[in-house]
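Engineer:
Chains as they are written, first to last, in full-length UniProt numbering: chain A, 1 to 257; chain B, 1 to 257.
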């Protein structure tokens, strides 16, 4: 299994604190030794750092922890391989261009019987996760050859996720840089931080941050993770089948499949 | 204008030496202050580092110079913006998936009258370069919906590049991770290093490397750049209209459009 990390914010926000917590689970406090990756949107641009090495030992991960890249949408992942060998091409998050936007996707779980499509988007590697991402984009493109709003798109996303969930475990994060869609089949949690901000203490590393000092009163920042990353704050757990659409830090739509 | 850097090798080779030379031109010995990027293939996986900041001041560029990523195919670029604003989404190299492979592209020059297509691949940013890349992939996909060998593909690539050349200046590098295609409309040079290896001295930085100590007798490594990167070796310049296809360090096909 793997762990997911997502962020949606209304101002460019650095995710160093949460990323540092997650990275510990990549070989130190957790077993996810088979690579990690994180995608940061800057406008419509997407910057992905990734490594098939354990995150707790990766030099690229150290750079990302040192370097406060500010972003409004982030998707991160650490991997414990079950399907597909350990190599760069099987490392999340995956990305593809659709409608002239960069789409980014990460998955936690395991799917049976989903193989690479011979349709438009095709997997480069051999994970069930990338196969699901390609299948999902192929469904979107078939339904809507031209761009539509995410509100119009949502039923297609939810239907696709519901069908993957029939094949196993399917927790995922998906974004086009504007919105962040999250689907929970078994395990996902979220927290929205807004004024008054307080201190937060990581579970997985001896690191505390006082968000009060790092933020302005109007900031709204939501973090999504497989397991809560801090132990002094109240995270909300998704129910199985629950999906949420985030934009600029706020939950703008939700439902249950 | 911009500068290109390409590498094709028959063993995973680090490009730190050449990259260090190129990076100096990004704001120190050259005027290319508007971003830089470099894509490394690891098998079918593609790892892109990029930054809209000047390469001579970029922290990510420093990581890449410190971190000897070994690869058989590399495409790098430093940018002096003429079309499209300075931001991540306009930073080369660009990549798209086609036929289940990651394709990577960088361009030096300027094209008039080429706009984003409403076909399958669409630009995310607003550069002429990304528009050309999308147009080229759309032509390939139209001609060959299913994968063909690069030998079969070549006429389509050459015809596309020849047509872009009519619109301005079009020097480019393109790869799918296996082969590296290069097209020169005005300026491009290459060098193939093989045994007996000797020392090389960068033009743009006080850095010398003795390739003898870094290689085995069977290594073949070709480096391609807009301008020669070393001043004690014999680089060959492409003629205008010349294209070359490289694979595992060797030129396997060439011609003149």
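Every residue, glycine too, gets a C-beta built ideally from N, C-alpha and C.
(1) Determine the burial state of residue 112 of chain B: buried for a count of at least 16 other Cβ atoms within 10 Å of its Cβ, exposed for fewer.
(2) Against chain A, does residue 11 of chain B count as a neighbour if the rule is that its beta carbon must be under 9 Å from one of theirs?
(3) Would you kindly work out how many angstroms separate the C-alpha atoms of residue 203 of chain A and residue 74 of chain A, rounded to a whole number?
(4) What are the start and end residues of the beta strand (DSSP E) that includes residue 233 of chain B?
(5) Over the uninterrupted beta strand (DSSP E) stretch that includes residue 108 of chain A, give me the two end residues.
(6) Note the first and the last residue of the continuous beta strand (DSSP E) segment covering residue 201 of chain A.
(7) For residue 31 of chain B, which residues in chain A fall below 7 Å Cβ to Cβ?
(8) On the criterion of 16 or more Cβ atoms from any shown chain inside 10 Å, does residue 218 of chain B qualify as buried, or is it exposed?
(9) Apart from the five residues on each side of it in sequence, which residues of its chain come closer than 6 Å, Cβ to Cβ, to residue 31 of chain A?
(10) Here's a check: name, in chain order, each residue in its chain whose Cβ is nearer than 7 Å to the Cβ of residue 123 of chain A, leaving out the five neighbours to either side.
(11) Per DSSP, what kind of secondary structure is residue 154 of chain A in: helix, strand or coil?
(12) Taking the DSSP output, what are the residues bridged to residue 70 of chain B?
(13) Where residue 223 of chain B and residue 209 of chain B are concerned, what is the direct C-alpha to C-alpha distance, given to the nearest angstrom?
(14) For the stretch 138 to 148 of chain B against the stretch 95 to 104 of chain B, do three or more pairs of beta-carbon atoms, one drawn from each stretch, fall closer than 8 Å, so that the two count as touching?
(15) Which chain A residues are close to residue 42 of chain B, counting only those with a beta carbon under 9 Å from its beta carbon?
(16) Name the residues in the stretch 109 to 131 of chain B whose C-beta lies less than 9 Å from a C-beta of chain A; which are they?
(17) Spatial neighbours of residue 238 of chain B within its chain, please: CB distance less than 6 Å, with the 5 preceding and 5 following residues excluded, ordered by chain position.
(18) Counting only beta-carbon atoms, is residue 153 of chain B nearer than 9 Å to chain A?
(19) Going along the chain, which residues of its own chain have a beta-carbon closer than 6 Å to the beta-carbon of residue 165 of chain A, five neighbours each way excluded?
(20) Which of the three DSSP states, helix, strand or coil, is assigned to residue 24 of chain B?
(21) What first and last residue would you give for the alpha helix (DSSP H) that runs through residue 140 of chain B?
(22) Could you tell me which residues DSSP puts in a beta bridge with residue 250 of chain B?
(23) With burial defined as no fewer than 16 other Cβ atoms inside 10 Å of the residue's Cβ, what is the status of residue 142 of chain A: buried or exposed?
(24) Going by C-alpha distance, which of B/12, B/22, B/253, B/42 is nearest residue 152 of chain B?
(25) Judging by CA-CA distance, which residue of A/12, A/18, A/71, A/11 is the nearest neighbour of residue 190 of chain A?
(26) With distances taken Cα to Cα, identify the nearest neighbour of residue 61 of chain A among A/35, A/86, A/44, A/83.
(27) Using the rule of at least 16 other Cβ atoms within 10 Å of the residue's Cβ for burial, across every protein chain shown, is residue 128 of chain B buried or exposed?
(28) Would residue 57 of chain B pass as an interface residue toward chain A - the criterion being a Cβ-Cβ separation below 9 Å?
(29) Measure the C-alpha to C-alpha separation of residue 197 of chain B and residue 29 of chain B and round it to an integer number of angstroms.
(30) Any idea if residue 175 of chain A is buried or exposed, counting beta-carbon neighbours within 10 angstroms, 16 or more meaning buried?
(31) Name the chain B residues whose beta carbon is nearer than 8 Å to that of residue 63 of chain A?
(32) Quick one: residues in its chain with C-beta nearer than 7 Å to the C-beta of residue 193 of chain A, no 5 flanking neighbours on either side, listed in chain order?
(33) Could you check if residue 81 of chain A belongs to the surroundings of the ligand HEM, using beta carbon to heavy atom distance under 8 Å?
(34) I need the straight-line Cα distance from residue 49 of chain A to residue 9 of chain B, nearest angstrom please.
(35) Nearest-angstrom Cα distance between residue 228 of chain A and residue 52 of chain A?
(36) Give the straight-line distance between the Cα atoms of residue 109 of chain A and residue 76 of chain A, rounded to the nearest whole angstrom.
Structural biologist: The relevant details are as follows:
(1) Numbered from 1 along the second chain, position 112 holds the residue referred to as residue 112 of chain B. Its Cβ having fewer than 16 others within 10 Å, residue 112 of chain B is exposed.
(2) Within the second chain, numbered from 1, the residue matching residue 11 of chain B stands at position 11. Output row for residue 11 of chain B: interface = no.
(3) Here residue 203 of chain A is taken as the residue at index 203 of the first chain, counted from 1. Here residue 74 of chain A is taken as the residue at index 74 of the first chain, counted from 1. If I take the Cα positions, the gap works out to 20 Å.
(4) The count along the second chain starts at 1 and reaches residue 233 of chain B at position 233. Careful: residue 233 of chain B lies outside any beta strand (DSSP E) and carries neither H nor E.
(5) Locating residue 108 of chain A in the first chain gives position 108, counting from the first residue. Taken as a continuous stretch (DSSP letters only), the beta strand (DSSP E) holding residue 108 of chain A covers 101 to 111.
(6) Here residue 201 of chain A is taken as the residue at index 201 of the first chain, counted from 1. Boundaries of the beta strand (DSSP E) around residue 201 of chain A: 199 to 201.
(7) As a position in the second chain, residue 31 of chain B is number 31, starting the count at 1. In chain order: nothing, as chain A lies at least about 23 Å away.
(8) In the second chain, counting from the first residue as 1, residue 218 of chain B sits at position 218. Under this definition residue 218 of chain B is an exposed residue.
(9) Here residue 31 of chain A refers to the residue found at position 31 when the first chain is read from its first residue. Sequence-distant Cβ neighbours of residue 31 of chain A in its own chain, meaning closer than 6 Å and more than five residues away, are 80.
(10) Position 123 of the first chain, counted from the start, is the residue given in the question as residue 123 of chain A. Hits under 7 Å: 116, 130, 131, 134.
(11) As a position in the first chain, residue 154 of chain A is number 154, starting the count at 1. Correct three-state label for residue 154 of chain A: helix.
(12) Taking the first residue of the second chain as 1, we reach residue 70 of chain B at position 70. BP columns for residue 70 of chain B point to B/14.
(13) Here residue 223 of chain B corresponds to residue number 223 of the second chain, with the count starting at 1. Here residue 209 of chain B corresponds to residue number 209 of the second chain, with the count starting at 1. Using only the alpha carbons, I get a separation of about 15 Å.
(14) With the cut-off at 8 Å, the stretch 138 to 148 of chain B and the stretch 95 to 104 of chain B touch.
(15) Sequence index remark: in the second chain, residue 42 of chain B carries index 42 (1-based). Those within 9 Å of residue 42 of chain B in chain A are 52, 87, 88, 89.
(16) The stretch 109 to 131 of chain B vs chain A, Cβ under 9 Å: 116, 118, 120, 121, 122, 123, 124, 125.
(17) In the second chain, residue 238 of chain B corresponds to position 238, counting from 1. Here the set comprises 184, 188.
(18) Locating residue 153 of chain B in the second chain gives position 153, counting from the first residue. Judged by the 9 Å Cβ criterion, residue 153 of chain B is not in contact with chain A.
(19) As a working note, residue 165 of chain A is residue 165 in the first chain. Taken in chain order, the residues that qualify are 185.
(20) Numbered from 1 along the second chain, position 24 holds the residue referred to as residue 24 of chain B. Of the three classes helix, strand and coil, the one that applies to residue 24 of chain B here is helix, per DSSP.
(21) Position 140 of the second chain holds residue 140 of chain B. 128 to 143 is the extent of the alpha helix (DSSP H) around residue 140 of chain B.
(22) What you label residue 250 of chain B is simply residue 250 of the second chain in a count that begins at 1. Answer is B/247, bridged to residue 250 of chain B.
(23) Locating residue 142 of chain A in the first chain gives position 142, where the first residue counts as 1. The residue in question, residue 142 of chain A, is exposed, as its Cβ has fewer than 16 Cβ neighbours within 10 Å.
(24) The residue given as residue 152 of chain B occupies position 152 in the second chain. Restricting attention to B/12, B/22, B/253, B/42, the CA atom closest to the CA of residue 152 of chain B is found in B/253.
(25) Taking the first chain and counting its residues from 1, one reaches residue 190 of chain A at position 190. It is A/18.
(26) Indexing the first chain from 1 puts residue 61 of chain A at position 61. Answer by Cα proximity: A/35.
(27) Walking along the second chain from the start, residue 128 of chain B turns up at place 128. Buried, because 16 or more other Cβ atoms sit within 10 Å of the Cβ of residue 128 of chain B.
(28) Counted from its first residue, the second chain places residue 57 of chain B at position 57. No, no contact with chain A.
(29) Numbered from 1 along the second chain, position 197 holds the residue referred to as residue 197 of chain B. Numbered from 1 along the second chain, position 29 holds the residue referred to as residue 29 of chain B. For residue 197 of chain B and residue 29 of chain B, the distance between alpha carbons rounds to 27 Å.
(30) In the first chain, residue 175 of chain A corresponds to position 175, counting from 1. With 16 or more Cβ atoms within 10 Å of its Cβ, residue 175 of chain A is classed as buried.
(31) One-based indexing of the first chain puts residue 63 of chain A at position 63. Result: 59, 60, 63.
(32) As a first step, residue 193 of chain A is located in the first chain; it is residue number 193 there, counting from the start. Cβ neighbours of residue 193 of chain A beyond the five flanking positions: 211, 221.
(33) Looking at this structure, you won't find the ligand HEM or any other ligand, since it has none at all.
(34) Locating residue 49 of chain A in the first chain gives position 49, where the first residue counts as 1. Locating residue 9 of chain B in the second chain gives position 9, where the first residue counts as 1. One C-alpha to the other measures close to 24 Å.
(35) Counting from 1 along the first chain, the entry for residue 228 of chain A is found at position 228. Counting from 1 along the first chain, the entry for residue 52 of chain A is found at position 52. One C-alpha to the other measures close to 24 Å.
(36) As a working mapping, residue 109 of chain A is identified with position 109 in the first chain. As a working mapping, residue 76 of chain A is identified with position 76 in the first chain. Just so you know, the alpha carbons of residue 109 of chain A and residue 76 of chain A end up roughly 15 Å apart.
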